[in-house]
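Below you'll find the structure, written out as structure tokens, and then a few comments.
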Amino acid sequence: MGNILGNNRNREPQNSRNEIISSPNFPTQKPVPLPLPPEIISGQCSNTKQPSKKYALIHDNFTTLEQVIGALRKEGLESSNLILGIDFTKSNEWTGQISFNKKSLHAIGDTLNPYEKAISIVGKTLAPFDEDNLIPCFGFGDATTHDQEVFSFHSDHSPCHGFDEVLACYKRIVPNLKLSGPTSYAPVIEAAIDIVEKSHGQFHVLVIIADGQVTRSVDYGDNELSPQEEKTIKAIADASKYPLAIVLVGVGDGPWEDMEKFDDKIQTRDFDNFQFVNFTKIMSKNTSAAEKEAAFAVNALMEIPFQYKACVEFRKLGHVIGRANRIVPKPSPVPYSRPAHSNSTTDDQNQSACCPVCLTNAKDLAFGCGHMGLWIKVKTLSQYVDTGSLVGLECTVAYNCRDEQALLIQFSLI
């Protein structure tokens, strides 16, 4: 596994912990709403051992990478392994309107897309802590996995050997994908739990690179959860029973308000095991590339010393619970081609049965196509016109789907 924060006891003596945990060359810088489950409302944990309030919410405590490294040394972190998850939901097609020149965040071209940049910087910033260089990689949210499963970057489920191979596999996979949804982080978290379980309780860090918040409809109230939120919260709470830290790296335009306060929704954890890092915000700062990379490393790693300390105090290291194999990864997608003599009617009907925007809700057949597409033209964003007589911007809205994503107005020049 990708060993990011230490050394292996069985390695040669020259690979000492002091040599591996050293500072990189970064500058020092600064449907139906689901009710909240009873255990979340009551704040009671199903685990027999109640979580310590000491680690219920870990605050950001460091401003430099040297401080983070010093804390890792102090806590005696000797071994950690990296797991990577990549978001392939359909929202990636429009969340680059501002940050990626109106292109899909997964667009492959002459310049690196936001996912390629994030993967590269994750690899560069964590490389000084990496020892065995093996990284299990998963994709989720495409048309083969939706919000239920993950696929492995390798068909035999083997890990990638270093971040160069991660990028090569990513570029190979993207052209074969059909982006879908909805967005849930539960499957990739469950896949990571399986890996930790099979490693007999070694400390792991799951890095999820994603473009959006967990799917949530505007119909849900403050005390209600969408199915995707409920499963994601449960998966994060389950993960706190293991030596597993979760870092969500946000790329694209967002919005990210909900993920920045997502910790508030998760009350039944053994320890605070979730950290959100706004990659776009850090990379848009008016600083040097080295300073941006250092800032990202600080934000991604700053909670890990305390998360590891919590795992030590709760005796999670080196233990198994016997709940692995929750999710079996699918093989990586291959180029799609319809058999020459196949009957495509059933596939086409199934594909057109759900909302093409939220990818979850069924279409309202009373309107034929399921959505009343309203094309409007506006002279400015503040001047609403429905006659189409003015040349300006053009947008479309799916009215019959109440999902939040369907209510997003996507503008394009005409």
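Counted from 1, the sequence shown has number 311 at position 311 by the UniProt record's numbering; the numbering is strictly sequential.
Beta carbons: idealized from backbone N, C-alpha and C, even for Gly.
Note that the structure is predicted; figures quoted are calculated from it, not measured.
Delimiting residues of the alpha helix (DSSP H) encompassing residue i
{"i": "residue 196", "result": "186-198"}
{"i": "residue 415", "result": "Lying before the first or after the last residue shown, residue 415 is absent from the chain, which here runs from 1 to 414."}
{"i": "residue 298", "result": "289-301"}
{"i": "residue 73", "result": "65-75"}
{"i": "residue 110", "result": "Looking at the DSSP string, residue 110 is not in any alpha helix (DSSP H), and its letter there is neither H nor E."}
{"i": "residue 266", "result": "Premise fails: residue 266 is in no alpha helix (DSSP H) and is neither H nor E."}
{"i": "residue 316", "result": "Element bounds for residue 316: n/a, residue is neither H nor E."}
{"i": "residue 258", "result": "257-260"}
CB contact check: residue i to chain B, cutoff 8 Å
{"i": "residue 235", "result": "This model lacks chain B altogether; it includes just one protein chain."}
Rounded C-alpha distance that separates residue i from residue j
{"i": "residue 373", "j": "residue 225", "result": "Because residue 373 sits at a pLDDT of 41, beneath the cut-off of 50, its placement in the model cannot be relied upon, and the following sentence gives the value as read from the coordinates. For residue 373 and residue 225, the distance between alpha carbons rounds to 28 Å."}
{"i": "residue 233", "j": "residue 168", "result": "32 Å"}
{"i": "residue 207", "j": "residue 219", "result": "30 Å"}
{"i": "residue 191", "j": "residue 100", "result": "30 Å"}
{"i": "residue 109", "j": "residue 179", "result": "18 Å"}
{"i": "residue 260", "j": "residue 152", "result": "28 Å"}
{"i": "residue 171", "j": "residue 252", "result": "18 Å"}
{"i": "residue 213", "j": "residue 116", "result": "20 Å"}
{"i": "residue 36", "j": "residue 183", "result": "Below a pLDDT of 50, predicted positions are generally treated as unreliable, and residue 36, at 43, falls in that range; no measurement from the model is reported."}
{"i": "residue 416", "j": "residue 237", "result": "The chain is shown only over 1 to 414; residue 416 falls outside these bounds and no answer can be derived."}
{"i": "residue 425", "j": "residue 65", "result": "Look at the range of the chain in this structure, 1 to 414, and you will see that residue 425 is not part of it."}
{"i": "residue 144", "j": "residue 70", "result": "43 Å"}
{"i": "residue 137", "j": "residue 166", "result": "7 Å"}
{"i": "residue 229", "j": "residue 186", "result": "9 Å"}
{"i": "residue 331", "j": "residue 80", "result": "26 Å"}
{"i": "residue 21", "j": "residue 258", "result": "Confidence is the limiting factor: at residue 21 the pLDDT is only 42, short of 50, which leaves the residue's position unreliable, though a coordinate-based value still follows. Using only the alpha carbons, I get a separation of about 34 Å."}
{"i": "residue 126", "j": "residue 227", "result": "34 Å"}
{"i": "residue 76", "j": "residue 63", "result": "21 Å"}
{"i": "residue 389", "j": "residue 221", "result": "Confidence in residue 389 is poor, its pLDDT being 37 and thus under 50, which makes the residue's placement too unreliable to answer from."}
{"i": "residue 107", "j": "residue 256", "result": "22 Å"}
{"i": "residue 235", "j": "residue 268", "result": "11 Å"}
{"i": "residue 223", "j": "residue 307", "result": "28 Å"}
{"i": "residue 284", "j": "residue 266", "result": "30 Å"}
{"i": "residue 157", "j": "residue 215", "result": "28 Å"}
{"i": "residue 112", "j": "residue 289", "result": "15 Å"}
{"i": "residue 42", "j": "residue 314", "result": "Annotation note: pLDDT 38 at residue 42 (below 50); position unreliable, coordinate value reported separately. Distance between the alpha carbons of residue 42 and residue 314 is about 22 Å."}
{"i": "residue 287", "j": "residue 262", "result": "28 Å"}
{"i": "residue 217", "j": "residue 318", "result": "40 Å"}
{"i": "residue 383", "j": "residue 231", "result": "Note that residue 383 scores 37 on pLDDT, short of 50, meaning its location in the model is unreliable and no value can be drawn from it."}
Those residues which DSSP pairs with residue i across a bridge
{"i": "residue 275", "result": "247"}
{"i": "residue 140", "result": "87"}
{"i": "residue 161", "result": "134"}
{"i": "residue 176", "result": "Residue 176 pairs with nothing; no bridge assigned."}
{"i": "residue 151", "result": "139 and 330"}
Proximity to residue i [Cα-Cα], best of the options
{"i": "residue 327", "options": "317, 147 and 297", "result": "147"}
{"i": "residue 320", "options": "274, 202, 178 and 163", "result": "202"}
{"i": "residue 278", "options": "96, 161, 139 and 210", "result": "210"}
{"i": "residue 194", "options": "64, 164, 322 and 330", "result": "322"}
{"i": "residue 134", "options": "282, 205, 305 and 283", "result": "205"}
{"i": "residue 250", "options": "281, 243 and 237", "result": "281"}
{"i": "residue 200", "options": "161, 229, 242 and 174", "result": "242"}
{"i": "residue 85", "options": "262, 248 and 311", "result": "248"}
{"i": "residue 275", "options": "285, 157, 303 and 296", "result": "303"}
{"i": "residue 159", "options": "94, 122 and 82", "result": "82"}
{"i": "residue 149", "options": "188, 267 and 235", "result": "188"}
{"i": "residue 139", "options": "154, 131, 267 and 132", "result": "154"}
{"i": "residue 93", "options": "254, 161, 318 and 295", "result": "254"}
{"i": "residue 316", "options": "105, 289 and 197", "result": "197"}
{"i": "residue 132", "options": "221, 105, 161 and 289", "result": "161"}
Integer Cβ distance of residue i from residue j, believed to fall under 8 Å
{"i": "residue 240", "j": "residue 270", "result": "4 Å"}
{"i": "residue 124", "j": "residue 291", "result": "That belief does not hold up - the Cβ atoms of residue 124 and residue 291 are roughly 13 Å apart, past 8 Å."}
{"i": "residue 114", "j": "residue 141", "result": "Between residue 141 and residue 114 the Cβ distance is about 15 Å, and since that is not below 8 Å, they are no contact."}
{"i": "residue 119", "j": "residue 163", "result": "6 Å"}
{"i": "residue 90", "j": "residue 181", "result": "5 Å"}
{"i": "residue 176", "j": "residue 329", "result": "Not really, about 16 Å apart at Cβ, beyond 8 Å."}
{"i": "residue 68", "j": "residue 298", "result": "6 Å"}
{"i": "residue 273", "j": "residue 300", "result": "Contact flag wrong, Cβ pair sits at about 14 Å."}
{"i": "residue 305", "j": "residue 173", "result": "So it is not a contact: roughly 34 Å between Cβ atoms."}
{"i": "residue 296", "j": "residue 98", "result": "Contact flag wrong, Cβ pair sits at about 20 Å."}
Residue i - containing beta strand (DSSP E), residue span
{"i": "residue 207", "result": "204-210"}
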